[in-house]
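Peer 1: Here's a structure for you.
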Amino acid sequence: MIKNTEWMTYSEYLPVELIQAEEEGKEVTVYKKQVADILKLPEYAKEREEKAYQLLAEIETLPVKEAYVYKEPNELEEIRKLRKIQNVQKFTVPKELLFDKVYGAWTGRCAGCLLGQPIEGWYRERIRGFLLDTDNYPVKHFLSSDVPQDIIDRYQVSNNGENAFCDHITHWINNVTIMTEDDDTNYTALGLKVLEEYGYDFTSDDVAWTWITSLPMGHVSTSERVAYRNIGNLIEPPRCGWWKNPYREWIGAQIRADIFGYVSPGDPELAASLAWKDARISHVKNGIYGEMFVAAMLAAAYGVQEPDKILEAGIEQIPATSRLYNALKQVMEGYRSGMTLGDAIEKLHNQFDETNSHDWCHTISNAVVVAISLLYGELDFEKSLGIAMECGFDTDCNGATIGSVVGLAVGYKGIPDHWKTPVGDILRTGVSGFHQIRIKELVDRTIAVIHNR
């Protein structure tokens, strides 16, 4: 079983590294045959892993092509210099609004995550077909496996733990009574723990230490698992984020953003700076920007009620010279020019291949899903979640993020009861000290962090 642990062998990194390095502007064509030859060697063989390690190191040192059009720094000051707008506006949020807003954000994140959990890994047509055949299109309630046998057979509906995070049973709504554990909510609780212990002046080292002392390695995935191993080998931030890490621009940092937006009411720049300190322990470039983007949107959602303005607040915190900025601006321009939702989703799937794990789990593709869901969902909680599911890609991550943003914007009172009641106001996590906790307590503790600043 230990040998079968994913995201831990150098040889399995190679195919992803080729794609990642090419997208970063490196010339990797000459390495494709070497990668193919290494992958023909016996699995787990010493020669295979040693050759993979050496090749990863070589690719790592390749220069970026002169014709590469993007500028994507990792350091905060360099990121800020490349923003489209330098003077970011902030506003004061009345204290009496905090509870409803933060409660809406935490609840929305849980609800969106729970909606997307059982269909994580399903492709768009399978999702759409299942929703249509269960009379749940557009989405109007959580997903259940209690459906006729012909639908179970047609869509391979399973209760045996498929897509269940650290559990033996798939988290269809008929199988749960509380909000079950997921990495999308583990990191929100973990971020709260960092803020409670170290305050707003926490460092990336503080985040790394909290990870390895509060969350088991088996509860983290892809880029985070590589970073976790690097930290365990005494590789410090930010090097632990990119060292032998082909997943360095995947979605893992983007799903850690929320708590930093929650504790920055009305201050997108502060939210983005906190998110940057967290993101850099496991990500680079657009992986970092994704977390900054989401955190800034959440900070703005405390007072901004136009979805395009919330999206702009997020985009304004990332380099205008980046691939993520370019992708998000395309969504915005399409929306403002009258592009239909269907055409926006079609364009998404023309740009990114959901059957390719790199595209399926990348920051940019999933940030585009969030942007589409926010704009076309029009701050309608149910509609926004439904669009996120219809888009496909990483459904639980995107459901959690859009649920969080819209939940904060409309507040707890603005979320329909049928999206709140099944969660049971209880969250289970893998984080030490947060194993089973009331969502309302998390809300109170989040507000306490804000007040103690």
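Per this note's numbering, the very first residue in the sequence shown carries number 26; after that it's consecutive. All C-beta atoms, glycine included, are put in the ideal place defined by N, C-alpha and C.
1. So, using beta-carbon positions, are A425 and I280 closer together than 8 angstroms?
2. With respect to the alpha helix (DSSP H) encompassing I22, which residues constitute its N-terminal and C-terminal limits?
3. Checking 8 angstroms against the spacing of the C-beta atoms, do E294 and Q342 come in under that value?
4. P263 and I203: beta carbons closer than 8 angstroms?
5. Relative to the C-alpha of W131, which candidate in L323, T34 and A345 has its C-alpha closest?
6. Anyone know if the C-beta pair for K218 and V456 falls short of 8 angstroms?
7. Within 8 angstroms, do at least three Cβ pairs link the segment 207-216 to the segment 129-143?
8. Any chance you could list the alpha helix (DSSP H) runs of at least 4 consecutive residues sitting entirely within the segment 401-444, in chain order?
9. When we look at the beta-carbon of K90 and count the other beta-carbons within 10 Å, is it buried (16 or more) or exposed?
10. For the alpha helix (DSSP H) containing L452, name the first residue and the last one.
11. Excluding sequence positions up to five away, which residues of its chain have a Cβ less than 8 angstroms from the Cβ of N184?
12. DSSP has I462 in a bridge; who is on the other side?
13. With a CB to CB cut of under 6 angstroms and the five nearest residues on each side skipped, what residues in its chain are close to T159?
14. Consult DSSP for W32 and reduce its assignment to one of helix, strand or coil.
15. If the criterion is Cβ atoms closer than 8 angstroms, does the pair F406 and V448 meet it?
16. What three-state label does DSSP hand W197 in the structure shown?
17. Between the C-alpha atoms of N423 and E68, what's the straight-line distance to the nearest angstrom?
18. Go ahead and label Q181 buried or exposed: buried means 16 or more other beta carbons lie within 10 angstroms of its beta carbon, across all protein chains shown.
19. Alpha carbon to alpha carbon, how far is G277 from I397? Give it in angstroms, no decimals.
20. Rounded to whole angstroms, what is the Cα-Cα separation between V118 and P290?
21. One question on the structure: do Q79 and P271 come within less than 8 angstroms of each other, judged by their Cβ atoms?
22. When you compare only the Cα positions, how much space is there between A233 and Y148?
23. Could you name the residues of the same chain whose beta carbon sits closer than 8 angstroms to that of I335, not counting the 5 residues immediately before and after it, in chain order?
24. Just mark G432 as buried or exposed, buried being the case when its beta carbon has 16 or more other beta carbons within 10 Å.
25. Could you give the residue range of the alpha helix (DSSP H) that holds F285?
26. Would you mind sorting P143 into buried or exposed? The rule is 16 or more other CB atoms within 10 Å of its CB.
Peer 2: Here's the rundown:
1. The residue you call residue 425 lines up with position 400 of the sequence shown. The residue you call residue 280 lines up with position 255 of the sequence shown. Yes; because the gap between Cβ atoms is below 8 angstroms, this pair is in contact.
2. As shown, the chain starts at 26 and ends at 478. That puts residue 22 outside it, with no answer to give.
3. Reading the sequence shown from its first residue, position 269 is the one you call residue 294. Reading the sequence shown from its first residue, position 317 is the one you call residue 342. In contact: E294 and Q342 (Cβ atoms closer than 8 angstroms).
4. Looking up residue 263 in the sequence shown gives position 238. Looking up residue 203 in the sequence shown gives position 178. No, the Cβ-Cβ distance between P263 and I203 is not below 8 angstroms.
5. Within the sequence shown, residue 131 is the residue found at index 106, counting from 1. Of the listed residues, the one whose Cα sits closest to W131 is L323.
6. For the purposes of this step, residue 218 is taken as the residue at position 193 of the sequence shown. For the purposes of this step, residue 456 is taken as the residue at position 431 of the sequence shown. Contact: yes.
7. yes
8. 406-416 and 420-435
9. What you label residue 90 is simply residue 65 of the sequence shown in a count that begins at 1. Per the 10 Å Cβ criterion, exposed.
10. The count along the sequence shown starts at 1 and reaches residue 452 at position 427. Careful: L452 lies outside any alpha helix (DSSP H), inside the beta strand (DSSP E) at I451 to R453.
11. Walking along the sequence shown from the start, residue 184 turns up at place 159. Excluding residues within five positions, the ones whose Cβ falls inside 8 angstroms are S170, I194, T195, W197 and N200.
12. As a working mapping, residue 462 is identified with position 437 in the sequence shown. For I462, which the question treats as bridged, DSSP gives the partners L452.
13. The count along the sequence shown starts at 1 and reaches residue 159 at position 134. Taken in chain order, the residues that qualify are V172.
14. On the sequence shown, position 7 is the one that residue 32 refers to. W32: coil per DSSP, three-state reduction.
15. The residue labelled residue 406 in the question sits at position 381 within the sequence shown. The residue labelled residue 448 in the question sits at position 423 within the sequence shown. No.
16. Taking the sequence shown and counting its residues from 1, the one referred to as residue 197 is at position 172. Reduced to three states, the DSSP call for W197 is coil.
17. Taking the sequence shown and counting its residues from 1, one reaches residue 423 at position 398. Taking the sequence shown and counting its residues from 1, one reaches residue 68 at position 43. Distance between the alpha carbons of N423 and E68: 34 angstroms.
18. Here residue 181 refers to the residue found at position 156 when the sequence shown is read from its first residue. Looking at its Cβ environment, which holds fewer than 16 other Cβ atoms inside 10 Å, Q181 is exposed.
19. Stepping through the sequence shown from its first residue, residue 397 is reached at position 372. Stepping through the sequence shown from its first residue, residue 277 is reached at position 252. Rounded to whole angstroms, I397 to G277 spans 20 angstroms at the Cα level.
20. On the sequence shown, position 93 is the one that residue 118 refers to. On the sequence shown, position 265 is the one that residue 290 refers to. When rounded, the distance between both Cα atoms is 6 angstroms.
21. For the purposes of this step, residue 79 is taken as the residue at position 54 of the sequence shown. For the purposes of this step, residue 271 is taken as the residue at position 246 of the sequence shown. Cβ distance not < 8 angstroms, so Q79 and P271 don't count as in contact.
22. Here residue 233 corresponds to residue number 208 of the sequence shown, with the count starting at 1. Here residue 148 corresponds to residue number 123 of the sequence shown, with the count starting at 1. Rounded to the nearest angstrom, the two C-alpha atoms are 34 angstroms apart.
23. Position 310 of the sequence shown, counting from 1, holds the residue named residue 335. For I335, where only same-chain residues beyond five positions count, the Cβ hits under 8 angstroms are M322, A325, A326, V329, L399, V430 and A434.
24. In the sequence shown, residue 432 corresponds to position 407, counting from 1. With 16 or more other Cβ atoms within 10 Å, it is buried.
25. The residue given as residue 285 occupies position 260 in the sequence shown. Membership of F285 in the alpha helix (DSSP H) is indicated by the continuous run D283 to Y287.
26. Within the sequence shown, residue 143 is the residue found at index 118, counting from 1. P143 comes out buried.
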